[in-house]
């Protein structure tokens, strides 16, 4: 299901683009660049192929505190993680192909429209990025 690791085979090759991180964003950027046959694209990932647990939504917590996750913690705050004794919570980030997308129980969320609109940057309003969200989605029965 996952691509073979070709690290040793491409060690001395030259590339037009090197995408660092094969998570939700990096894998899409790499795939989009590779559509153009003129470009030679390399996508690198610190982790390895996801384990079978990443394909079962109910097992998402079993991947925390493993080699498949960077187990960061948040800073202490009185605004979030209030249910935790020390005021900070675990913030795992995926360390595998698919990145945190392979660690989060197969949950897909678009960014909050208010965040995009509050940035007030030309070309980054929610209505500007919505077509790209929709392009990345595919409904399967």
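Residue numbers (this note's numbering): 10 to 150.
Virtual Cβ for every residue (Gly too), placed ideally from N, Cα, C.
Remember, it's a predicted structure, so these values are computed and weren't measured experimentally.
Reduced DSSP category for residue i - H, G, I as helix; E, B as strand; rest coil
{"i": "residue 27", "result": "strand"}
{"i": "residue 57", "result": "strand"}
{"i": "residue 130", "result": "coil"}
{"i": "residue 112", "result": "coil"}
{"i": "residue 70", "result": "helix"}
{"i": "residue 63", "result": "helix"}
{"i": "residue 122", "result": "helix"}
{"i": "residue 142", "result": "helix"}
{"i": "residue 135", "result": "helix"}
DSSP bridge partner residues for residue i (one or two, in chain order)
{"i": "residue 79", "result": "102"}
{"i": "residue 37", "result": "In DSSP, residue 37 forms no bridge with anything."}
{"i": "residue 51", "result": "27"}
Sub-8 Å separation of residue i and residue j beta-carbons
{"i": "residue 105", "j": "residue 56", "result": "yes"}
{"i": "residue 78", "j": "residue 112", "result": "yes"}
{"i": "residue 31", "j": "residue 15", "result": "no"}
{"i": "residue 110", "j": "residue 33", "result": "yes"}
{"i": "residue 58", "j": "residue 11", "result": "yes"}
{"i": "residue 19", "j": "residue 35", "result": "no"}
Residue from the options whose Cα sits closest to the Cα of residue i
{"i": "residue 140", "options": "128, 122, 49 and 11", "result": "122"}
{"i": "residue 64", "options": "33, 115 and 11", "result": "115"}
{"i": "residue 43", "options": "34, 25 and 58", "result": "25"}
{"i": "residue 144", "options": "107, 37 and 10", "result": "37"}
{"i": "residue 98", "options": "73, 120, 108 and 148", "result": "73"}
{"i": "residue 107", "options": "70, 149, 60 and 126", "result": "60"}
Per the contact definition of three or more C-beta pairs closer than 8 Å, is the stretch 120 to 135 in contact with the stretch 75 to 86? no
Pairs of beta-carbons, one from the stretch 45 to 56 and one from the stretch 86 to 93, closer than 8 Å: are there three or more? Three or more beta-carbon pairs separated by less than 8 Å are not found between the stretch 45 to 56 and the stretch 86 to 93, which leaves the two stretches without contact.
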